[in-house]
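Colleague: Protein chains in written order, with this note's numbering: chain A, 26 to 182; chain B, 55 to 323. Mind looking over this structure? Questions follow.
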Ligand SMILES: Cc1cc2nc3c(=O)[nH]c(=O)nc-3n(C[C@H](O)[C@H](O)[C@H](O)COP(=O)(O)OP(=O)(O)OC[C@H]3O[C@@H](n4cnc5c(N)ncnc54)[C@H](O)[C@@H]3O)c2cc1C
Ligand code: FES
Ligand code: FES
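Put into structure tokens, the structure is as follows:
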């Protein structure tokens, strides 16, 4: 079947099998920031935003998001310029191996769009589904908070 | 991907055809090889299943409404506060953005969190099929673990919850780890001056209702005794030993949560 995906503003018209998962389709299209590990909706590394909301691409059929807007980390950074959450993650040393980071950045971004001033608990709850095997989450929670401040600051200037 | 009821009905039936709502259960089971349906009918395009409607005494929740949408709905917060309390505990934002109430119900897991809220809200399941529409109370709709009265050519169109604004809602879930744990045991309740409704998760083949204890609460009056209430409540459960916890641990947890429910209600109610 034929579907259309709008990924980070790029339109892709592709032929897929109705049983194809969004994860593999995105990776085939070159969006390699979308990562696969558990394949069973438990780890969050395959998170992408569909119409602005985080979902797990490993357990979503590509066919079910036909015509919708998808965002991956590639769409957040602009060329060399990193997204404020990415900056903050670097500053806080919140990335070790980095495998979980794209999922965390996207989940954090969705949270901040909805709630620009999240409490520590809000951040913890939002990142509930993103597993990181290297850090203890503290640094990542701090990074999201810091990014939130930076992003609010931008708005007021 | 059917777009209306007529089309949906014509696609159902068949040997191993499966309906998919959010897919958070179905696709995980397919990926792990535990299930391999020959055909999947997705509700993603269905019209008229995505509404939350005020029906006066009841609220109707369409089968495509996601858990995230339930959490944001003011009507539900005001008229069925037990539901968001429970839904908040389900999975992660990623899961809640796809998962539906109807999917949780049809899955019929004894640990299904939102099923607890459905029991407490005396919910009615609206079932449609080629032979028309029928309605059934959630307690008779669920037959056992993973089993419902749904036949192959039927689907759940909506779920109706009784409004319970006058009740004091509580929900406690004990899991192995805070993030996305399947409950080891959970206790939900709604208490008004004269009535208590209670449901237990993960301690029987289906969500369990301690009917004897609830009757005792309503009749005992001055003689009400917490110990007797807990004893009667425990008659409703038949916990098992499994990879997540022992039966003994589960009973102890339930007993403590029942006591906590009474304590918190007395303090606040
Ligand atoms: C990581 C993770 C964490 C989770 N955490 C929790 C948790 O904390 N608590 C909890 O209770 N559950 C949890 N779940 C289970 C799951 O997310 C829920 O059961 C969810 O509500 C299922 O909804 P769905 O729309 O995704 O169902 P689907 O996967 O689409 O369907 C589930 C079943 O219901 C059937 N079905 C769906 N809709 C209909 C309909 N309208 N008519 C007839 N049949 C239908 C399907 O055929 C299938 O058999 C978790 C799952 C994952 C992967
Ligand atoms: S790969 Fe999708 S959640 Fe782990
Ligand atoms: S930094 Fe390695 S998994 Fe998170």
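Here a beta-carbon is modelled for each residue, glycine too, at the ideal position from N, C-alpha and C.
Does chain A have any CB closer than 7 Å to the CB of residue 147 (chain B)?
Modeller: It does; some Cβ of chain A falls within 7 Å.
Colleague: Alpha carbon to alpha carbon, how far is residue 97 (chain A) from residue 117 (chain A)? Give it in angstroms, no decimals.
Modeller: So the two alpha carbons sit approximately 22 Å from each other.
Colleague: Using a Cβ-Cβ cutoff of 8 Å, what residues of the region 148-177 of chain B are near chain A? List them in chain order.
Modeller: Under the 8 Å Cβ criterion, the region 148-177 of chain B contributes 148, 149, 151, 152.
Colleague: Output the residues surrounding ligand 3, defined as those with a CB atom closer than 6 Å to any ligand heavy atom, in chain order.
Modeller: Chain-ordered list of matching residues: A:120, A:121, A:122, A:123, A:124, A:125, A:157, A:158, A:159, A:160.
Colleague: Determine whether the Cβ of residue 85 (chain B) lies closer than 7 Å to any Cβ atom of chain A.
Modeller: For residue 85 (chain B), the answer is yes, since a Cβ of chain A falls inside 7 Å of its Cβ.
Colleague: Using 10 angstroms around the beta-carbon of residue 247 (chain B), count the other beta-carbons present and answer buried if the total reaches 16, otherwise exposed.
Modeller: Result: exposed.
Colleague: Tell me whether residue 276 (chain B) sits in a helix, a strand or coil according to DSSP, three-state version.
Modeller: Residue 276 (chain B): helix per DSSP, three-state reduction.
Colleague: Closer than 7 Å, Cβ to any Cβ of chain A: which residues of the region 62-85 of chain B, in chain order?
Modeller: So the close ones are 77, 78, 81, 82, 85.
Colleague: Is residue 77 (chain B) near ligand 2, judged by its Cβ being under 6 Å from some heavy atom?
Modeller: No, since every heavy atom of ligand 2 falls outside the 6 Å radius drawn around the Cβ of residue 77 (chain B).
Colleague: What residue ranges within the region 75-148 of chain B form continuous beta strand (DSSP E) runs of no fewer than 3 residues, ordered along the chain?
Modeller: Runs found: 93-96, 106-108, 112-116.
Colleague: Would you say residue 80 (chain A) faces chain B, with C-beta separation under 7 Å as the test?
Modeller: True, the Cβ-Cβ gap to chain B drops below 7 Å.
Colleague: So, residue 264 (chain B) versus residue 287 (chain B), is the Cβ gap smaller than 7 Å?
Modeller: Contact flag set, yes.
Colleague: Express the C-alpha separation of residue 172 (chain B) and residue 233 (chain B) in angstroms, rounding to a whole number.
Modeller: Low confidence applies here, because residue 233 (chain B) scores a pLDDT of 49, under 50, leaving its location unreliable and the question unanswered by this model.
Colleague: Check whether the region 32-45 of chain A touches the region 119-130 of chain A, counting contact only when three or more Cβ pairs, one atom from each stretch, lie closer than 8 Å.
Modeller: No, the region 32-45 of chain A does not touch the region 119-130 of chain A.
Colleague: Any beta-carbon of chain B closer than 7 Å to the one on residue 66 (chain A)?
Modeller: So yes, residue 66 (chain A) belongs to the interface.
Colleague: Residue 145 (chain B): beta carbon under 6 Å from a heavy atom of ligand 2?
Modeller: Residue 145 (chain B): no, Cβ never under 6 Å from ligand 2.
Colleague: Go ahead and label residue 145 (chain B) buried or exposed: buried means 16 or more other beta carbons lie within 10 angstroms of its beta carbon, across all protein chains shown.
Modeller: When all chains shown are included, residue 145 (chain B) counts as buried.
Colleague: Which partner residues of residue 223 (chain B) appear in the DSSP bridge assignment?
Modeller: DSSP output for residue 223 (chain B) lists B:244 as bridge partner(s).
Colleague: Measuring CA to CA, which of B:76, B:226, B:218, B:174 is closest to residue 129 (chain B)?
Modeller: The shortest C-alpha separation from residue 129 (chain B) is found at B:218.
Colleague: Near residue 29 (chain A), which residues of its chain fall below 6 Å by C-beta distance, leaving aside the five closest residues on each side in sequence?
Modeller: Answer for residue 29 (chain A): 38, 92, listed in chain order.
Colleague: Please report the distance separating the alpha-carbon of residue 183 (chain B) from that of residue 207 (chain B).
Modeller: Cα to Cα, residue 183 (chain B) sits roughly 6 Å from residue 207 (chain B).
Colleague: With distance defined between alpha-carbon atoms, name the residue in B:251, B:285, B:283 nearest to residue 176 (chain B).
Modeller: Among B:251, B:285, B:283, the Cα nearest to that of residue 176 (chain B) is on B:251.
Colleague: What's the C-alpha gap between residue 154 (chain B) and residue 76 (chain B)?
Modeller: Taking the straight line joining both Cα atoms gives about 6 Å.
Colleague: Can you tell me whether DSSP reads residue 285 (chain B) as helix, strand or coil?
Modeller: Note: residue 285 (chain B) maps to helix in three-state DSSP.
Colleague: Using 7 Å as the limit for Cβ to Cβ distance, is residue 98 (chain B) near chain A?
Modeller: Chain A contact via Cβ: present.
Colleague: Using 7 Å as the limit for Cβ to Cβ distance, is residue 233 (chain B) near chain A?
Modeller: At residue 233 (chain B) the pLDDT is 49, less than 50, meaning the model places this residue with poor confidence and gives no usable figure here.
Colleague: Alpha carbon to alpha carbon, how far is residue 140 (chain B) from residue 105 (chain A)?
Modeller: In a straight line, the C-alpha of residue 140 (chain B) is about 43 Å away from that of residue 105 (chain A).
Colleague: Any beta carbon of chain B sitting closer than 7 Å to that of residue 183 (chain A)?
Modeller: Absent from the structure is residue 183 (chain A), since the part of chain A shown begins at 26 and ends at 182.
Colleague: Report yes or no: do the region 197-216 of chain B and the region 114-128 of chain B share at least 3 C-beta pairs separated by less than 8 Å?
Modeller: Yes, they touch.
Colleague: Is the region 153-171 of chain A close to the region 62-73 of chain B, with three or more CB pairs under 8 Å?
Modeller: Result no; under three Cβ-Cβ pairs closer than 8 Å.
Colleague: In the structure shown, what three-state DSSP assignment does residue 57 (chain A) receive?
Modeller: Reduced to three states, the DSSP call for residue 57 (chain A) is coil.
Colleague: Could you tell me which chain B residues have their CB closer than 8 Å to the CB of residue 85 (chain A), listed as they occur along the chain?
Modeller: Ordered by position in chain B, the residues that pass the 8 Å Cβ test against residue 85 (chain A) are 77, 81, 152.
Colleague: Please state whether DSSP places residue 52 (chain A) in a helix, a strand or coil.
Modeller: Reduced to three states, the DSSP call for residue 52 (chain A) is helix.
Colleague: Along the chain, where does the beta strand (DSSP E) that runs through residue 127 (chain A) open and close?
Modeller: Here residue 127 (chain A) belongs to no beta strand (DSSP E); instead the alpha helix (DSSP H) covers 126-139.
Colleague: Could you pull the start and end residues of the beta strand (DSSP E) that residue 255 (chain B) belongs to?
Modeller: From DSSP, the beta strand (DSSP E) with residue 255 (chain B) extends over 250-255.
Colleague: So, using beta-carbon positions, are residue 289 (chain B) and residue 266 (chain B) closer together than 7 Å?
Modeller: A contact, by the Cβ cut-off of 7 Å.
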